Amino acid sequence: MMRDSDTSIASRGQDSDPILASHEFDVSLVVVASDVEVDLEAFGEMVDAFDKVFCSNHLKAEFLVVDDGIGGAFFEALTVLNREVPNFKVIRFRRTFGESVALRIATERARGEFILTNTWYLQVKAEAAIDVIRALRDGADLVAARRTPRIDSWLARIQSWIFNKVTKAVTKVEIHDLNCSFRGFRKSVIESVQFHGDLFRFVPVLAVGQGYQVREVDVLHMAEKGPSTFLNFGLYVRRFLDIFSLFFLLKFIRKPLRFFGFTGITLFLAGLTIVGWISYERLSDKGVGVVDRPAFVLGVLLMVLGPILLSIGLIGEIIIFTHGKTLSDYHIGAVLGGREEDEDGDDRDDED
3 MMRDSDTSIA SRGQDSDPIL ASHEFDVSLV VVASDVEVDL EAFGEMVDAF DKVFCSNHLK
63 AEFLVVDDGI GGAFFEALTV LNREVPNFKV IRFRRTFGES VALRIATERA RGEFILTNTW
123 YLQVKAEAAI DVIRALRDGA DLVAARRTPR IDSWLARIQS WIFNKVTKAV TKVEIHDLNC
183 SFRGFRKSVI ESVQFHGDLF RFVPVLAVGQ GYQVREVDVL HMAEKGPSTF LNFGLYVRRF
243 LDIFSLFFLL KFIRKPLRFF GFTGITLFLA GLTIVGWISY ERLSDKGVGV VDRPAFVLGV
303 LLMVLGPILL SIGLIGEIII FTHGKTLSDY HIGAVLGGRE EDEDGDDRDD ED
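Position one of the sequence shown corresponds to residue 3 (my numbering), numbered consecutively onward.
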């Protein structure tokens, strides 16, 4: 990666937006490489592309790259870049901890007003960073990129379309391209939104659920040089479990008894109906023995399983009640008026 001394990352910032003057950097670009074999050439192209965009727009920027347990030649390349490139920071995990952990750790160390995330290769044109930053400056808390027009295979587009449609149907939040790693957000969003495992891709949905202002911007899609995930059955199962987990977190995290209680009562009533019907047939002298009816065993099983699920819901409610004060899922956007007005009001009451 060739760099001119007069356009290095460290020399930027003289013409930066005065609104961002209170921050050390205008933007922090977080790149996470997790559990994959990184193409060093594609990685270098990605860094150069974003660097040129930041320089040409007089943005003071820093790069934070997380080596999530990859090591080897990739870490050696990062070490060289860290020595040669100003404000190029590297975080290395001893083993793979996942992209959610990597994203949170990198965000904690980011010193930019706005934070952009990207995978280790170019998914979109680097110029899209300016559109995302503009949307953040206009008041958005998080900006999700939508790759358009898609230039990957039609099979990959169908897979992505189904995933996004199912997520929308479950969460009632319309984000068109959750698989796009390129995003922008304010640091407060990642600090407030709770996510783990593979839920990092659902951060826009979780942010909407907590009242943050989320926007989408259309960005130009590029031919991706990353690993192919099509026809990966294990990946489909994980995505389905992620969507189910997301549904529970959005709907029932504060009221687990509604989910487990409804499910438990439904199963218990279904089992009671089966057992009752079989018992009625047996008592009606129809000549059918209970031991010859597998459905009877199923009914008894459902009647036992129902109260167990109900008990899990009750335990969840007790935990929420006990620790409710520490589980803040609300965030104040603004407060108009303040203590002085309240004190004035109290004084007037005393005078009366």
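Quick reminder that beta carbons are idealized off the backbone N, C-alpha and C, glycines included. Values in this document were obtained by computation on a predicted structure and should not be read as measured data.
Between F165 and the set E110, D244, P229, the nearest pair of CA atoms involves D244. Beta-bridge partners assigned by DSSP to D41: none are found.
Beta-bridge annotation (DSSP): L144 is paired with F187, V216. The C-beta distance from L118 to A137 rounds to 12 Å, too long to meet the 8 Å contact threshold. Contact between V29 and F65 fails: their C-beta atoms lie close to 10 Å from each other, not under 8 Å. Assignment of V175 by DSSP, reduced to helix, strand and coil, places it in the coil class. The continuous alpha helix (DSSP H) containing D244 extends over residues 235–254. Judged by DSSP in its simplified three-state form, T150 adopts coil rather than helix or strand. When the alpha-carbon of V175 is set against those of L312, F249, G114, D200, the nearest one is in F249. Counting along the chain, the unbroken alpha helix (DSSP H) around N84 starts and ends at 74–86. Assigned with DSSP and collapsed to three states, T121 falls in coil, not helix or strand. According to the DSSP assignment, V67 belongs to no alpha helix (DSSP H) but to the beta strand (DSSP E) extending over 63–70. Under the criterion of beta carbons closer than 8 Å, G114 and Q215 do not qualify as touching, at roughly 19 Å. When rounded, the separation of the alpha-carbon atoms in R85 and V49 is 15 Å. Put simply, of C57, D41, S58, A63 the residue whose alpha carbon is nearest the alpha carbon of I72 is D41. For R94, the enclosing beta strand (DSSP E) covers residues 90–95. Here V103 carries a helix assignment [DSSP, helix/strand/coil]. Ranked by Cα distance from F184, the options G236, G339, L31 are led by L31.
Judged by their CB atoms, M305 and F270 are nearer to each other than the 7 Å cut-off. The distance from the Cβ of A146 to that of P229 is about 22 Å, inconsistent with a contact at the 8 Å cut-off. Burial is judged here by how many other beta carbons sit within 10 angstroms of a residue's own beta carbon; V221 has at least 16 and is buried.
With respect to the 7 Å criterion, C182 and R152 are not classified as neighbours on the basis of their beta carbons. D133: member of the alpha helix (DSSP H) spanning 130–139, first to last residue. The Cβ atoms of R96 and F77 do not sit closer than 7 Å to each other. L144 and I177 have their C-alpha atoms spaced approximately 12 Å apart. Rounded to whole angstroms, V195 and F204 show a C-alpha spacing of 10 Å.
Ranked by Cα distance from I334, the options G213, F261, L80 are led by G213. At the C-beta level, G315 and F246 stay beyond 7 Å of one another.
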